[in-house]
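In what follows, a single structure is set out as structure tokens and then discussed.
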Amino acid sequence: MRRTRTPAELVRAEPGPAHTIDFDGRPVPALPGQTIAAALWADGVLAWRTTRVGGKPRGAFCGIGACFDCLATVDGRPNQRTCLLPAEPGTTVTTQEGHGRADLEV
Amino acid sequence: MPTSKSEPAQSPGAHGSGGPFHDLAVIGAGPGGLAAAVTAADLGLRCVLVDAGRSTGGQFYRHPAPGLGAARPDRLHHGWSVYTGLSDRLAAHRAAGRVELLTGHQVWALERAGDGDWRLHATTGPDAEDRTTVRAAAVLLATGAYERQLPFPGWTLPGVVTAGGAQAMLKAGLVLPGRRIVVAGSGPLLLAAASSLVTAGAEVPAVVEATAYLGYARRPGVLAAVPAKLVEGAGHGSALLRHGVRLRPRSAVVEAHGTDRVTAVTVARLDAQWRPVPGSERRIACDALAVGHGLIPQIELATELGAATRTTPDGTAALKVDARLRTTVPGLWAAGEACGVGGADLAIAEGELAAHAVADRPVRAALLRRRSRLRAFAELMAAAHRPGPGWTEWLREDTDVCRCEEVPAGRIKEAVGELGAGDARTVKLLTRAGMGWCQGRMCGSAVACLAGGADGAEVRPDSRPFSCPVPLGQLAAERDDLGDPDGPDDRGHRAEQDHQDHQDDRQDR
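Protein chains in written order, with the numbering used here: chain A, -10 to 95; chain B, 4 to 512.
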């Protein structure tokens, strides 16, 4: 018999109160100390960027800041590594399309 | 990047003259760097310990942020008490002012200034907009490793993550990429990752390992000399057994299926050369895949200074060091994965050894023996998990090899077969493979293989003048306050020279 348990139960986590971040206009819960990518995974979200050439969805891949696949627009700044950035209360995350600098195109 | 953001860092003492002086700068606060810094401080050296992460521990001892209130972080770790022991020693040295800890500092270049001291150039802050220069008489690289990836159709789908990434997100953020996670690739990290994932509640329908695991048995003497390694392996094995995880040796995930995220994988048996065996394919439903093919030493900071490398038995470039962990660059030491991937215990032993060498103090014979035993075991593991050349057969023409620049295998094969590219650098110039954000860390091994790197040939590290992306404003500021413009290793000139090389390459074509 397998008992379903969670990572938080495994390490007996008693986190501080959860807050929310804003992901594409909807609230996503986050625990203190979690990165943006972790909060999104916990909510079942795996993709928050589309690629420059093929427009394909991407999310966290290496989880340690090396691959740059988890880039998103965070608080208006494009190309932020969400696997490194903490999910602070009120952080706004927007799915990044391509290079994330459409405003600079002529 | 707004250049004004770099202004606050230009306070007196922050850089320019190089800041406060240290006897030793240790780069990387994982097992090796921690052990080196506290040992060096024990021996009377004034140290600075620099790490890009938010806390110490590196990838191996990555742990939940304090806000998550984890009462039992040890349950996600092997040898957690070793880390807490090193942390306590570090805290005591910091309190006494013997070690300065700089977290959130990404070192992008090392430079030997005209006065003979090292300057470590680092970015800080969320956008890497701020900068610091650290000054030290000696430098020890404990920069660890990153995962080797071999591409396959569907590997860019969301839900396909690296085995180390799944571990890292679990250990630090207490999250999983899915509920039913296939673990695949090659190397000891797969068993550790699978064991963590099932213990944390995920279902792992299979661990798919490309080798036969028989490589270990060839040198039983080496294995018997490191009983702790056998215990560690047995621990992972029993966790997997308890959760009914099936180990599939001599097999590989040859395709991940799905449109917006992975929904299943195809697993095929491999022959001894890692060629998929036709007709052996079977499909396994899953909602995530954790994949990796061993680790690659992170050594750009040293190789840019001309440090010599060696080719490890699993085909990576590692720093060449002598018995006292000296690289071929005077004043530059290395420990742990940078000298060839071998795990945390070896990194700790080498960190202690290197600290003694920097302090010019004698070393206990027992420590030397321990290091040799662990190093021999590491070479054995590396040989056992060396990728076979046949893996390229599971690529399709449209399989993206370079994730950043979205360069498919067909374009790389064209560059090699029709345009005559004979190495990864030429492939990069022709196709942009390896030219993106990750600086070739994800696709470099695969591109080198596709470019015809003969199996068994010497592996040469890529030239990367900056070890991570750096805002242009920082480089401009760097030129303004170079302490000694006539110094032997003017970074600005080096960058310019590299640029010139690229121009020449283009003209040659």
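From the three backbone atoms N, C-alpha and C, an ideal C-beta is built for every residue, glycine too.
Check, Outcome
"What residues match up with A/Phe12 in a beta bridge as DSSP calls it?", "A/Arg15, A/Val82"
"Can you give the Cα-Cα distance for B/Val53 and B/Ala337, rounded to whole angstroms?", "14 Å"
"Contact between the region 297 to 310 of chain B and the region 331 to 347 of chain B is defined here as three or more beta-carbon pairs at a separation below 8 Å; is this criterion met?", "yes"
"Please list, in chain order, all residues of the same chain as B/Pro488 whose beta carbon is under 6 Å from its beta carbon, the five residues on each side excluded.", "Model confidence at B/Pro488 stands at a pLDDT of 44, short of 50, so the residue's coordinates are unreliable; what they give is reported in the following sentence. No residues qualify anywhere along the chain."
"Express the C-alpha separation of B/Pro34 and B/Tyr64 in angstroms, rounding to a whole number.", "7 Å"
"Can you check whether the C-beta of A/Ala26 is within less than 8 Å of a C-beta belonging to chain B?", "yes"
"Among B/Val225, B/Glu258, B/Leu193, which has the Cα closest to the Cα of B/Ala242?", "B/Leu193"
"Along chain B, in chain order, which residues have C-beta atoms closer than 7 Å to that of A/Phe57?", "Cys407, Trp440, Cys441"
"Which of the residues in the region 28 to 48 of chain A, read from start to end, lie with their CB under 7 Å from any CB of chain B?", "Trp30, Ala31, Leu35, Ala36, Thr40, Val42, Gly43, Lys45, Pro46, Arg47, Gly48"
"Going by beta-carbon coordinates alone, are B/Pro390 and B/Leu153 separated by less than 8 Å?", "yes"
"Could you tell me if B/Ala215 is buried or exposed, where buried requires 16 or more neighbouring beta carbons within 10 angstroms of its beta carbon?", "exposed"
"Alpha carbon to alpha carbon, how far is B/Arg75 from A/Gly22?", "16 Å"
"What's the C-alpha gap between A/Glu(-2) and B/Leu79?", "11 Å"
"Residues in its own chain within less than 7 Å of B/Pro191 by CB, not counting five upstream and five downstream?", "Met384"
"For B/Val234 and B/Val207, which I take to be in contact (beta-carbon distance under 8 Å), what is that distance rounded to the nearest angstrom?", "The Cβ separation is near 22 Å, so there is no contact."
"Please work out which residues of its chain come closer than 6 Å, Cβ to Cβ, to B/Pro5, disregarding the five sequence neighbours upstream and downstream, and give them in chain order.", "Note that B/Pro5 has pLDDT 34, beneath the 50 cutoff, so the model's placement of it is unreliable and the number below is only indicative. Within the same chain, B/Pro5 has no close Cβ partners at all."
"When the Cα of B/Leu160 is compared with those of A/His8, A/Trp37, A/Val17, which residue comes out closest?", "A/Trp37"
"Using a Cβ-Cβ cut-off of less than 7 Å, list which residues of the region 0 to 23 of chain A approach chain B; keep chain order.", "Val0, Arg1, Ala2, Glu3, Pro4, Gly5, Leu20, Pro21, Gly22, Gln23"
"In whole angstroms, what separates the C-alpha of B/Val450 from that of B/Thr314?", "17 Å"
"Within the 8 Å Cβ cut-off, does A/Ala91 reach chain B?", "no"
"Which residues does DSSP list as the beta-bridge partners of B/Thr59?", "None, per the DSSP bridge assignment."
"Could you tell me whether the Cβ of A/Ala(-3) comes closer than 8 Å to any Cβ of chain B?", "yes"
"Do the region 11 to 26 of chain A and the region 98 to 111 of chain B make contact, defined as three or more Cβ pairs closer than 8 Å?", "no"
"Just reading off the alpha helix (DSSP H) that B/Arg395 is part of, what are its end residues?", "A small correction: the amino acid at residue 395 of chain B is Thr; Arg does not occupy that position in the sequence shown. B/Thr395 -> no alpha helix (DSSP H), and no H or E assigned at all."
"Taking its Cβ as the centre, do 16 or more other Cβ atoms sit within 10 Å of B/Phe24, making it buried, or is it exposed?", "exposed"
"Mapping DSSP to helix, strand and coil, what is B/Ile302?", "coil"
"Can you confirm whether B/Arg134, when its beta carbon is compared against all beta carbons of chain A, has any partner nearer than 8 Å?", "no"
"Closer than 8 Å by C-beta to B/Arg249: which residues in its own chain qualify, once you throw out the five before and the five after it? Chain order, please.", "Pro208, Ala209, Val210"
"If we cut at 8 Å on Cβ distances, does A/Gly87 have a partner in chain B?", "no"
"Whole angstroms are fine: how far does the CA of B/Ala140 sit from the CA of B/Val51?", "11 Å"
"Would you mind working out which of B/Ser58, B/Ala38, B/Gly70, B/Gly61 sits nearest B/Gly88, comparing C-alpha positions?", "B/Ala38"
"Please report how far the alpha carbon of B/Leu398 lies from the alpha carbon of B/Ala412, in whole angstroms.", "7 Å"
"Quick check on A/Gly79 - is its C-beta less than 8 Å from some C-beta in chain B?", "no"
"Taking contact to mean at least 3 C-beta pairs separated by less than 8 Å, is the region 65 to 72 of chain B in contact with the region 161 to 181 of chain B?", "yes"
"According to DSSP, what are the bridge partners of B/Gly295?", "B/Gly188"
"Quick check on the DSSP output: the alpha helix (DSSP H) that includes B/Gln170 runs from which residue to which?", "166 to 176"
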